[in-house]
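Just below is one structure, and these are the notes that go with it.
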Amino acid sequence: MKKEINPWSNELVKDYDYLFQDFGMQRIGPDLRAKLGEHRLYRRGIVFGHRDADVFVAAALAGKPTAVMTGIKPSGEFHLGSKMTAEQIIHLQKQFGSTVFYAIADVESYADNGLRFEDSHQNAVDNVADLLALGLDPKKTVFYKQSENMHVANLASIFARKTTLNTLEALYGHQNLSLYLAVLTQAGDILAPQLDVFGGPKNVLVPVGVDQDPHIRFTRDLAPKFKEELGLLTPSATFHRFFRALSGQTKMSKRDPLSMMTLNDDEALLKKKLANALTGGRATAEEQRRIGAEPDKCVVFELMQFHFYDDDKDLAEMEADCRSGKLLCGECKAIRLKHIRAFYKKHQGKKAKLRAKAEKLLEVPIGFRKRK
Ligand code: TRP
């Protein structure tokens with residue numbers, strides 16, 4: 001079997017073990033978990049792997065300046081995977097006082113989806129409004145678009161000097177040059193927080209989905225090559241598991257709207273999506289009452305585990321009621337829907353008030369390229 005991760009596909013990675021065995025990813029053990037602080041994403045092993053995150057944590061705990069850096073393609077609405085990364089950076093910002101850099105990856109969106117820069121602006125504003133509503137502190141965050149950040153664009157040119165086509169092909173297969181340019185741009189995103197304009201070299205943590213590991217490996221190989229020229233420290237990363245599509249098949253994808261929930265879904269849409277979601281139910285009600293159902297197969301269970309139940313007690317109760325056959329899947333879905341709706345109502349209410357602020361935060365700062 002060919003072992004590879006392709007950041008531009010929507011295939012579900014079924015087995016993460018080879019990442020540890022063959023690609024040098026590290027598991028998040030109890031020591032590191034304790035130092036990262038309390039969060040369900042760590043407690044439930046959803047953020048499961050890392051590269052040198054302990055180095056970042058040690059620097060932060062020693063009082064050194066640190067940054068947290070991640071990004072999103074502005075190709076659509078915020079989905080639950082983006083929410084997961086958002087919750088993690090918000091927690092890191094609070095836990096370690098790090099400055100957050102958040103890239104709107106419009107260069108990558110153009111490369112990947114042909115979305116023109118000017119056509120992704122509304123998505124970008126919408127995404128930033130979600131981040132604010134989830135609790136990201138704008139006073140300690142730098143938001144920017146790749147196409148407007150000259151520091152990032154210049155780094156991409158500089159990094160190209162020590163990058164060969166062979167390296168890119170080995171990592172990503174045969175791709176057109178705009179995707180390779182997006183890779184160099186993402187390396188620019190990740191390493192820019194260490195430029196003098198942003199306070200010079202520092203430890204940077206990049207929380208991402210596991211599909212981004214090729215970009216992380218590439219960037220970590222690149223940084224030492226520019227140690228003398230730019231003084232860059234090797235960045236650290238954490239990796240989260242993928243959430244399945246609601247059908248249970250592939251990972252959630254913006255390319256398939258019914259496969260995933262977005263933070264803009266209205267009540268009717270939520271209901272429809274949940275009604276269609278895969279469960280671990282039995283063939284008949286009688287059988288389910290008799291032998292119980294299978295939460296491990298159930299996407300709704302995973303939904304609550306990954307995203308909507310913070311309290312382990314709620315999750316344990318859901319699991320017990322499933323296994324014992326006490327609840328049938330329809331009854332169970334109705335309970336979860338009520339809980340999810342309450343989150344959405346609160347979130348969407350906050351978000352509506354933050355849109356103007358999001359618009360303002362995406363105004364082009366000095367040293368960045370002006371928007372037409
Ligand atoms: N490639 C990421 C994605 O597809 C988005 C991204 C762009 C990013 N620049 C980044 C992620 C820098 C982490 C760090 O989702």
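All residue numbers for the sequence shown refer to our numbering, where the first residue is 1 and numbers rise by one.
All residues carry an ideal CB built from backbone N, CA and C; glycine is no exception.
No experiment lies behind these values; they were computed from the predicted model shown.
For residue i, count neighbouring Cβ atoms within 10 angstroms of its own Cβ and tell me buried if that reaches 16, exposed if not.
i, result
"D106", "buried"
"N166", "exposed"
"M84", "buried"
"Q146", "buried"
"A245", "buried"
"S82", "buried"
"R336", "buried"
"L327", "buried"
"P7", "buried"
"Q305", "buried"
"N276", "exposed"
"I5", "buried"
"S324", "exposed"
"S331", "According to the sequence as given, residue 331 is Glu; it is not Ser. That one is exposed."
"E108", "buried"
"G188", "buried"
"P224", "exposed"
"Q194", "buried"
Can you round the beta-carbon distance between residue i and residue j to whole angstroms, since I take them to be within the 8 Å contact cut?
i, j, result
"S247", "L278", "6 Å"
"L132", "L362", "11 Å between Cβ atoms; not a contact."
"I89", "V68", "5 Å"
"R51", "Q21", "15 Å between Cβ atoms; not a contact."
"F343", "F368", "Actually they are not in contact, since the Cβ atoms of F343 and F368 sit about 35 Å apart, beyond 8 Å."
"Y102", "F159", "Contact doesn't hold; Cβ gap of about 21 Å is too wide."
"R241", "F78", "R241 to F78, Cβ: 18 Å. No contact."
"D130", "L274", "Actually they are not in contact, since the Cβ atoms of D130 and L274 sit about 20 Å apart, beyond 8 Å."
"A124", "I104", "5 Å"
"R341", "E267", "6 Å"
Quick check: what's the CA-CA separation for residue i versus residue j?
i, j, result
"L171", "G281", "40 Å"
"P235", "L168", "19 Å"
"D196", "T141", "17 Å"
"K2", "I216", "Legend: pLDDT at K2 = 48, less than 50; position of this residue unreliable, no value from coordinates given."
"Q186", "P138", "22 Å"
"G135", "V183", "29 Å"
"L181", "L155", "11 Å"
"T238", "A62", "20 Å"
"Q175", "H151", "25 Å"
"G209", "V300", "20 Å"
"Y16", "Q212", "13 Å"
"L233", "A53", "13 Å"
"E286", "M318", "19 Å"
"E229", "S157", "14 Å"
"K351", "N127", "10 Å"
"Q288", "E294", "9 Å"
"I291", "Y42", "32 Å"
"A60", "T70", "18 Å"
"F226", "N149", "20 Å"
"G37", "P201", "25 Å"
"E302", "P257", "19 Å"
"A111", "S178", "5 Å"
"P365", "K357", "15 Å"
"L80", "D265", "11 Å"
For the beta strand (DSSP E) containing residue i, list its first residue and its last residue.
i, result
"P30", "Careful: P30 lies outside any beta strand (DSSP E), inside the alpha helix (DSSP H) at P30 to L36."
"R51", "V47 to R51"
"N203", "N203 to G209"
"V100", "T99 to I104"
"G71", "T66 to I72"
"T284", "Where T284 is concerned, there is no enclosing beta strand (DSSP E), given that its DSSP letter is neither H nor E."
How far does the alpha helix (DSSP H) with residue i in it extend, from its first residue to its last?
i, result
"H215", "D213 to L222"
"K85", "Reading off the sequence, residue 85 comes out as Thr, not Lys. That run of the alpha helix (DSSP H) goes L80 to F96."
"S178", "L177 to L191"
"F301", "V299 to L303"
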